[in-house]
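Novice:
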Amino acid sequence: MEVDWSCLHVLANASELVRDGLLSVSPATQTRPSELPEIFWDKMQEMHGQDVMLVLEKRLSATDVNRHASRLSIPMGQMRASFLTSEEIRALDNKEEIAVSLIEPCLHVRHGLQLRKWNHKRDNFSYVLAKEWTDVAHPFERNGLEVGCLVRLWSFRMNGDLCFCLVNVEAPPPDAVENMTNLE
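Numbering-wise, the numbering used here puts 182 at position 182 of the sequence shown, and it's gapless, one number per residue.
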């Protein structure tokens, strides 16, 4: 049996790329979650994003799109995944803010947002995306964010830093504004 040595250089080059961190062989970082639209996956890959996970699916409340509140609430009871490192949890528990970037529904990458922890009652809290949130939610035309919209918030890591991706999944039902305002 004769061995074809012509492919050996490809394996050697791939090994160097893995060693230098330019190529990942982990299938988990290369598999797109089925609910995440491909255009958002492509944007994350362009940013060298890893560890993608769905954090939250919710309908936007009146407070989420209020210019004066300027925050997107991520209630503890609605989170689907533990997306924070132990260091990030400790920082948030100590009332520190974490600078994060966000891929908006229009695919613009917004930097300068802050993740904060808001304590409500005993053992009840929310995380909030704040600071630049008003620029994400307004003007309406750019991202289509309005009361009652169904959105999914994804987290991912870029060079170890926490980032988010917000996908506008569904327009609000006709009576959403009235119903969501009454829940506030």
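Beta carbons are placed, not taken as given, at the ideal position from N, Cα and C, and that holds for glycine.
Because the structure is a prediction, the values reported are computed rather than measured.
Starting from the C-beta of E38, find all residues in its chain whose C-beta is less than 8 Å away, skip the five residues before and the five after it, and write them out in chain order.
Specialist: Here the set comprises R32.
Novice: Quick one: residues in its chain with C-beta nearer than 7 Å to the C-beta of R142, no 5 flanking neighbours on either side, listed in chain order?
Specialist: Within the same chain, R142 has close Cβ partners C106.
Novice: Closest by CA to L185, which one among L113, C165, P173, K131?
Specialist: Any answer about residue 185 is impossible in this case: the structure gives the chain only from 1 up to 184.
Novice: Pair every Cβ in the region 112 to 127 with every Cβ in the region 91 to 101, then say whether three or more of these pairs are closer than 8 Å.
Specialist: With a cut-off of 8 Å, the region 91 to 101 and the region 112 to 127 count as touching, because enough Cβ pairs lie within range.
Novice: How long is the line joining the alpha carbons of A130 and S70, rounded to whole angstroms?
Specialist: In a straight line, the C-alpha of A130 is about 6 Å away from that of S70.
Novice: Ignore the nearest five residues each way along the sequence and tell me which others in P75's own chain have a CB closer than 6 Å to its CB.
Specialist: Closer than 6 Å at Cβ, skipping near neighbours: S126.
Novice: Restricting to Cα atoms, I'd like to know which of E132, T85, S73, T134 is closest to R157.
Specialist: Among E132, T85, S73, T134, the Cα nearest to that of R157 is on T85.
Novice: For N124, which residues does DSSP report across the bridge?
Specialist: Paired residue(s): none; N124 is not in a bridge.
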